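Working notes, beginning with the structure itself.
The following block contains the structure:
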């Protein structure tokens, strides 16, 4: 069954492939079958995604599980609802399962563990979810856990007010060469990139250099969408994360405009949004996000933000390995590109990747922005940053133009000297690094 499903999948006969792939999952036997069940599960969802609707695929899985009285069905339906709550299949499955928009939106956040989602318990859950070696454990995790924003009433109110305002805002076309034009809600900021790139031009060049139609892109924070709506047009899949309710409402609205404009067969259908923050495993849970003004691209969950804090709200933070498990994203065989721009929290987050990456044979390409002008990393944090850098074959700074000669033997003093000589960490602006490839000198345990 799996081989026939795989053959049809490879021949782009996605609709015909689904029954074979799904049956192979239901009938899987560890003693008899040699294929990877997680691969089959991902291919089921990819078949729907390539037909234009991942939400439809998740709804399909949800109803299949519901018909078997499997409690994991609600987790699948929740994901489908988050992707496209208005899809007729999602609405149909909701009716069959007796769920309403209110019950779906409320969700089941970590069951009875909501108040205990900290430290070692969270770290263990993250490791299980991030590994996700077989579909059984993936589905179990998806049923027991979900991706919830955790926004407080203040954030929910800002989101609702912004959506109402956007519904009355003029829609305008934007063209960021060389991708195709797209549409957005009118905002003077878009003048900086419309027909030209006067805002971080090197960022768009780096996207074009490292992202292909085989690349899954994880983009956080994605703000109102300039980077997401750009690289989504030539990636395999783009996932944007934005914890600011005003910015999220805006990028969600902009994405929905393009989904309506180009239909289910275009790049917008391969783009996913999450209204959560990315955190270290030990920070996972409810976080406080601060900003000088919601929607201004300078909010964060770190100790400080640019300027004087005038607004705060609660938002859930999840570790990246956990989110990878929820999305079914793996570091191989297809390439993964991660863009990190989180207003100084990177000093705490980035070092936490070491425990994840050190045992991975294949590493993602990472484009990370540090913000010393907001809050510089401590010496202890930079020591751990070096440890992560040493796992990669190539590390660059200054818009990917200066290669740093970092090896497993590089000392911290040598690392500091490299950064100073190349002026990689500027106190006046963001300081970007690009990491790619796995260092052959670092052994995989």
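Numbering (our numbering), first residue to last: 200 to 644.
Beta carbons: idealized from backbone N, C-alpha and C, even for Gly.
In this text the structure is predicted, and so the values were computed from the model without any measurement.
Contact belief for residue i with residue j at Cβ below 8 angstroms, rounded distance in angstroms
i           : j           : result
residue 431 : residue 474 : Wrong, their Cβ atoms sit about 17 angstroms apart, outside the cutoff.
residue 414 : residue 536 : 5 angstroms
residue 426 : residue 365 : Not quite, the Cβ-Cβ distance comes to about 19 angstroms (not below 8 angstroms), so this is no contact.
residue 513 : residue 491 : About 18 angstroms separates the two Cβ atoms, so there is no contact after all.
residue 548 : residue 633 : Not really, about 17 angstroms apart at Cβ, beyond 8 angstroms.
residue 419 : residue 539 : 6 angstroms
residue 444 : residue 350 : 6 angstroms
residue 531 : residue 561 : 4 angstroms
residue 412 : residue 434 : 7 angstroms
residue 609 : residue 590 : About 12 angstroms separates the two Cβ atoms, so there is no contact after all.
residue 446 : residue 496 : 7 angstroms
residue 289 : residue 279 : 5 angstroms
Nearest candidate by alpha-carbon position, reference residue i, set the options
i           : options               : result
residue 379 : 364, 388 and 395      : 395
residue 659 : 424, 246 and 481      : In the structure as shown, the chain starts at 200 and stops at 644, and residue 659 therefore has no counterpart that could be examined.
residue 555 : 541, 403, 485 and 519 : 519
residue 637 : 575, 621, 616 and 553 : 553
residue 546 : 530, 568 and 532      : 568
residue 487 : 511, 202, 467 and 497 : 511
residue 525 : 241, 623 and 202      : 241
residue 451 : 534, 273, 359 and 602 : 359
residue 570 : 368, 625, 266 and 225 : 625
residue 417 : 523, 515, 297 and 290 : 523
residue 517 : 298, 604, 529 and 347 : 347
residue 542 : 528, 489 and 533      : 489
residue 577 : 602, 615 and 269      : 615
residue 267 : 575, 296 and 286      : 296
residue 403 : 566, 588 and 225      : 566
residue 410 : 208, 390, 559 and 533 : 533
Coil, strand or helix - residue i by DSSP
i           : result
residue 398 : coil
residue 613 : helix
residue 308 : Legend: pLDDT at residue 308 = 36, less than 50; position of this residue unreliable, no value from coordinates given.
residue 515 : strand
residue 586 : helix
residue 271 : coil
residue 557 : coil
residue 372 : strand
residue 298 : coil
residue 634 : strand
residue 364 : helix
residue 473 : strand
residue 392 : coil
residue 483 : coil
residue 541 : coil
Sequence-distant residues of the same chain with beta carbon closer than 6 angstroms to residue i, five excluded per side
i           : result
residue 635 : 564 and 593
residue 583 : 550
residue 544 : 499, 500 and 501
residue 200 : 219, 222 and 223
residue 322 : Reliability of the predicted coordinates at residue 322 is poor, the pLDDT of 35 falling under 50, and the value obtained from them is presented with this limitation in mind. So the qualifying residues of the chain are 480.
residue 618 : 624
residue 468 : 251
residue 361 : 445 and 448
residue 226 : none
Nonlocal neighbours in the same chain, by C-beta distance under 8 angstroms from residue i, ignoring five residues either side
i           : result
residue 382 : 370, 371, 372, 373, 453, 456, 457 and 460
residue 471 : 253, 282, 436, 437, 438, 439 and 526
residue 621 : 596, 597, 601 and 603
residue 313 : Because the pLDDT at residue 313 is just 36, under 50, the model does not fix this residue reliably, and the point stays unresolved.
Straight-line gap, residue i to residue j (C-alpha atoms, nearest Å)
i           : j           : result
residue 400 : residue 375 : 10 angstroms
residue 573 : residue 596 : 19 angstroms
residue 206 : residue 216 : 8 angstroms
residue 428 : residue 483 : 28 angstroms
residue 284 : residue 277 : 9 angstroms
residue 421 : residue 436 : 15 angstroms
residue 630 : residue 521 : 27 angstroms
residue 623 : residue 405 : 17 angstroms
residue 465 : residue 354 : 31 angstroms
residue 580 : residue 493 : 28 angstroms
residue 293 : residue 204 : 28 angstroms
residue 557 : residue 639 : 12 angstroms
residue 239 : residue 210 : 15 angstroms
residue 338 : residue 273 : Note that residue 338 scores 35 on pLDDT, short of 50, meaning its location in the model is unreliable; the coordinates nonetheless yield the value given after this. Computed Cα separation, rounded: 11 angstroms.
residue 607 : residue 397 : 38 angstroms
residue 604 : residue 408 : 21 angstroms
residue 291 : residue 529 : 31 angstroms
residue 388 : residue 368 : 14 angstroms
residue 613 : residue 392 : 39 angstroms
Own chain residues within Cβ distance below 7 angstroms of residue i, not counting five before or after
i           : result
residue 253 : 244, 247 and 282
residue 214 : 250
residue 275 : 257, 260, 261, 264 and 341
residue 255 : 247, 286 and 288
residue 588 : 594, 605 and 634
Distance cut-off 6 angstroms: residue i Cβ against heavy atoms of the ligand NAP
i           : result
residue 407 : Although the ligand NAP was asked about, the structure shown includes no ligands whatsoever.
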